[in-house]
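Working notes, structure below.
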Amino acid sequence: MNRSTFLYNCKQCLRWGKKNLKQIFCSRMIRKIYGVGNEVLCGNNVSYGQLKIFIYGNHNKIVIGDNCNLKCTNTIFIQGDCNTIVIGQNVIFDQNVQLVLSEGTKVEIGDDCIFADGVKIRTSDQHSIFNKGKKINRGRDVIIGKHVWLGASSVIMKGVNIGNGSIVGMCSLVTKNIPSNCVVAGIPSQIVKEDIYWEK
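Position 82 of the sequence shown, counting from 1, maps to 1414 under the working numbering, and the rest follow consecutively.
Next comes the structure, spelled out in structure tokens:
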């Protein structure tokens, strides 16, 4: 994939070709990026809408694949160092989608996924919990397979792996792994149908 690359170092924006990225994108897309070695790589034919990216840390990376439509008022929030987001090709975000990462974790989204309005993905609890001096709620990666449909206002929690072709129902809370080609729904989510497929 022939990606465009944005590199940020202490809020200083590198030039891309003959145009200044700060002038093109910061007013519409990039909001706050603090730290060094943070990187955003974007594929061809990507629609950003009013995507908001907040990065507070160092050496974080965001990769957005070809032909993605991230529409409007979606938010990526990264706190800490060495977090990674990889968004595959032909991915669609409706509005108010939130990806929240910290503790050096990763969110991976496969090709051809649809995220409906208000979907939230979190890789950590944001606040540490200790028991007898030991942290018991460390952050964990979230992996979304290919051709997955996340229903409106669904929440995907840390450590979840969703298999290819599955569907998460509206307002579901997903705390455990989901096999491929299943429909899940509920709080917490449970499998309600197996061996399904769906079309855009």
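Yeah, the Cβ is synthetic: ideal placement off N, Cα and C, and Gly gets one too.
query = Roughly how far, in whole angstroms, is the beta-carbon of V1429 from the beta-carbon of V1451, given that I think they are within contact range, below 8 Å?
reply = 5 Å
Buried/exposed call for F1462, threshold 16 Cβ in 10 Å = exposed
query = S1456: buried (16+ other C-beta within 10 angstroms of its C-beta) or exposed?
reply = buried
ask   = Who are the Cβ neighbours of T1407 in its own chain at under 6 Å, not counting the five residues just before and after it?
value = Excluding residues up to 5 positions away in sequence, K1384 and Q1430 lie with their Cβ nearer than 6 Å to the Cβ of T1407 in the same chain.
query = What are the start and end residues of each continuous beta strand (DSSP E) run of 3 or more residues lying completely inside the segment 1392–1432, in chain order?
reply = 1393–1396, 1407–1411 and 1416–1419
key: Rounded distance between the beta-carbons of P1511 and G1495, thought under 8 Å   = 5 Å
key: When R1454, I1424 and V1432 are compared against D1443, the one with the closest alpha-carbon   = Distance from the Cα of D1443 is smallest, within the candidate group R1454, I1424 and V1432, for I1424.
ask   = Helix, strand or coil: how does DSSP classify L1505 here?
value = Reduced to three states, the DSSP call for L1505 is strand.
query = Short check: CB of K1490 to CB of G1471, under 9 Å?
reply = Cβ atoms of K1490 and G1471: closer than 9 Å.
request  = Check each candidate in N1377, K1438 and V1418 and name the one with the smallest Cα separation from N1399.
outcome  = N1377
ask   = Taking C-beta to C-beta, are W1481 and I1446 nearer than 9 Å?
value = yes
key: Environment of I1468 [buried if 16+ CB atoms lie within 10 Å]   = exposed
D1426, buried or exposed, once every other Cβ within 10 Å from all chains shown has been counted against 16 = Counting Cβ neighbours within 10 Å, D1426 comes out buried, since at least 16 surround it.
query = Are there 16 or more other CB atoms within 10 angstroms of the CB of I1528, so buried, or fewer, so exposed?
reply = Per the 10 Å Cβ criterion, exposed.
key: Residue interval of the beta strand (DSSP E) (run including A1517)   = According to the DSSP assignment, A1517 belongs to the beta strand (DSSP E) that extends over C1514 to A1517.
Nearest to Y1366 (by Cα), restricted to the options C1514, L1402, D1413 and T1405 = Taking Y1366 as reference, the option from C1514, L1402, D1413 and T1405 with the minimal CA-CA separation is D1413.
request  = Please state whether DSSP places Q1522 in a helix, a strand or coil.
outcome  = strand
ask   = Name the DSSP beta bridge partners of S1379, please?
value = N1401
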